[in-house]
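All remarks here apply to the structure that follows.
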């Protein structure tokens, strides 16, 4: 009886490990397929050709490669459909995060500590990060990047229609008339 229980436990453990090995093998095969498709896209020079049968991960990797090469518009054209679809939430969040990063880099320019080049692009980046956080609230990378974007262009609570103009004070210069001053 004891011997049968030991054999049963050993068989159960062997089946569990076989299932884990099968799962790892399927993940490995999927990674190989994605790598092969990215390699084929690179060799065929189909930079902007978005094949509908390509895996979402392939399009995401291709968009990242295009953005790194400086072809922001092409990368945006690949990422927009991925961000709009809702079938795979992980892929959609990654596309929104990458779009936010793309807009943030474009808005900040080459030096991230300098002045902002484009406020509308920065607003687009904040919108993409917020959308990604609505889908996946625990995404700390998106939270951090949203915080950085808010640091670059803080949002003022209250009335947005009110203009932020400092009051002008009267300046008097000796020997100058008011029509002489601009």
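Residue numbers (our numbering): 1186 to 1367.
Built from N, CA and C at the ideal position, the CB exists for glycine as well.
Keep in mind that this is a model prediction, so the values were computed, not measured.
Classified as exposed, residue 1319 has fewer than 16 neighbouring CB atoms from the shown chains inside 10 Å of its CB. Assignment of residue 1273 by DSSP, reduced to helix, strand and coil, places it in the coil class. By the CB criterion at 7 Å, residue 1264 and residue 1283 fall inside the cutoff. Taken in chain order, the stretch 1282-1334 contains no complete beta strand (DSSP E) segment of 3 residues or longer.
Collapsing the DSSP output to three states places residue 1214 in a helix. Here the stretch 1253-1270 lies against the stretch 1280-1294, with 3 or more beta-carbon pairs under 8 Å apart. With a 10 Å radius around the Cβ and a threshold of 16 neighbouring Cβ atoms, residue 1253 comes out exposed.
Per DSSP, reduced to three states, the secondary structure at residue 1255 is coil, with no helix or strand assignment.
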